[in-house]
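Okay, so here's the structure we're looking at.
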Ligand code: ADP
Ligand code: MG
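In our numbering, the protein residues as written are 152 to 554.
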């Protein structure tokens, strides 16, 4: 089991300059007055305990992040300046913004700053060296700090200067929220309590092939739901009507089923289905068996009999990893399987018999919709990084923090 360097490993903090890599690439929109506001501040809030802790220990805190994809150029709309106030609101301290992220201007600002303020650097991706992980750029970032802390798990699947390069240059550690995420993920897939069950749903098999292949080797039960299930059903000769289905992946789907058998992984596909002729809320629908989907019908959810069987199976599991909804959860009533299974998992977690970890953009929305977000053991907001972790890949920004 991998061990990661944490804040305690850094040594004395008093008077030290600590550079935190945060993920302040948060969703924003313009309000009625044309003012830009943050629509989901989860990622800002996740970094505040680390900032507050460091300040209380007398460190001088510097925060850096990327925002959007400026591709190595200065793009004014992608300036981090717009995050200064939201960050100040979250930490309840003054935030000073500087329009670069490295060099003398940063040093001079730090020298002149009051202790009780945080320095927010400009978008690291305004420099080409960020995404190319240029050693000189990483060094320039490191020059203004004594220590480096990574709080951006969601960016750590990329070997960039601010997530990977810099960590080789000065003492580095995982921040509190990064540490929490790593522990949760380790408990779920690295060294899990068994039986271990995974739910993989969502739209397409093609986007999650590597996830399926890796999980088949590691989990005891694999529930395949959502549009992905259609591809597996079709590969077994079942007529899926006009459902979302990747018929060209039939061979791949069959290979995954065969591999599962050799790995002692039980794959759970739906045994009944909810079908409709239109993809819209409250569309006329019916519950059918596997051999009753009409040519003009779409499978939009897993059926109730399947959900009962799955929840019974889950009762006996100790760990659950979930990515991808079981059906078209955005349109009622095709959210039912997702909501029922999510609530069952939430209940078992609250009762203390299940460790539940989930991630993925739509998955997080689906679990919020089911009202179980605060019942799960851990919900990752890291989209791409979470999926790469589920694929069994090594995340360079995490690897570099290993003890
Ligand atoms: P995540 O973002 O959590 O990784 P995905 O993007 O893979 O999840 O999948 C979410 C999408 O899958 C949702 O938009 C949902 O409507 C869609 N989906 C799930 N089941 C079906 C289905 N049976 N038919 C069509 N779309 C589906
Ligand atoms: Mg998605």
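Don't be surprised by glycine CBs; every beta carbon is placed ideally from N, CA and C.
How big is the Cα-Cα spacing for residue i and residue j?
i, j, result
"residue 238", "residue 195", "6 Å"
"residue 347", "residue 228", "45 Å"
"residue 537", "residue 401", "26 Å"
"residue 273", "residue 251", "5 Å"
"residue 467", "residue 457", "16 Å"
"residue 240", "residue 387", "55 Å"
"residue 455", "residue 198", "41 Å"
"residue 220", "residue 352", "29 Å"
"residue 503", "residue 334", "17 Å"
"residue 177", "residue 218", "8 Å"
"residue 383", "residue 491", "22 Å"
"residue 549", "residue 385", "39 Å"
"residue 288", "residue 300", "17 Å"
"residue 355", "residue 422", "19 Å"
"residue 293", "residue 222", "21 Å"
"residue 543", "residue 533", "15 Å"
"residue 328", "residue 213", "17 Å"
"residue 168", "residue 264", "12 Å"
"residue 553", "residue 155", "4 Å"
"residue 322", "residue 485", "50 Å"
"residue 190", "residue 172", "21 Å"
"residue 540", "residue 510", "10 Å"
What residue range does the beta strand (DSSP E) around residue i cover?
i, result
"residue 372", "372 to 375"
"residue 563", "The chain is shown only over 152 to 554; residue 563 falls outside these bounds and no answer can be derived."
"residue 168", "168 to 172"
"residue 531", "529 to 531"
"residue 262", "Note, residue 262: premise wrong, no beta strand (DSSP E); alpha helix (DSSP H) at 255 to 263."
Excluding the 5 residues flanking residue i on each side, which residues of the same chain have their C-beta closer than 7 Å to its C-beta?
i, result
"residue 418", "373, 375, 408 and 411"
"residue 344", "469, 470 and 506"
"residue 445", "392"
Residue i lies in the alpha helix (DSSP H); which residues open and close that run?
i, result
"residue 242", "235 to 242"
"residue 402", "401 to 413"
"residue 516", "512 to 520"
"residue 496", "487 to 501"
"residue 331", "327 to 336"
"residue 392", "Premise fails: residue 392 is in no alpha helix (DSSP H) and is neither H nor E."
"residue 427", "Where residue 427 is concerned, there is no enclosing alpha helix (DSSP H), although the beta strand (DSSP E) it sits in stretches over 423 to 427."
Quick one: measure Cβ to Cβ for residue i and residue j, integer angstroms, because I've assumed they're closer than 8 Å.
i, j, result
"residue 313", "residue 281", "6 Å"
"residue 242", "residue 202", "5 Å"
"residue 404", "residue 551", "The Cβ separation is near 36 Å, so there is no contact."
"residue 370", "residue 474", "The Cβ separation is near 12 Å, so there is no contact."
"residue 360", "residue 381", "No, residue 360 and residue 381 are not in contact; Cβ-Cβ is about 15 Å, not under 8 Å."
"residue 152", "residue 365", "Going by Cβ atoms, the distance from residue 152 to residue 365 rounds to 18 Å, so no, they are not a contact pair."
"residue 499", "residue 465", "7 Å"
Can you give me the Cβ contacts of residue i inside the same chain, cut-off strictly under 8 Å, excluding the 5 residues immediately before and after it?
i, result
"residue 523", "493, 494, 496 and 497"
"residue 260", "247, 249 and 270"
"residue 501", "526"
"residue 414", "367 and 368"
"residue 435", "427, 428 and 429"
"residue 487", "425, 452, 455, 458 and 478"
Tell me which same chain residues have a C-beta within less than 6 Å of the C-beta of residue i, skipping the five on either side of it?
i, result
"residue 291", "253"
"residue 175", "216 and 234"
"residue 200", "327"
"residue 517", "476, 480 and 489"
"residue 245", "268"
"residue 210", "164, 167 and 169"
Which residues does DSSP pair with residue i in a beta bridge?
i, result
"residue 348", "372 and 471"
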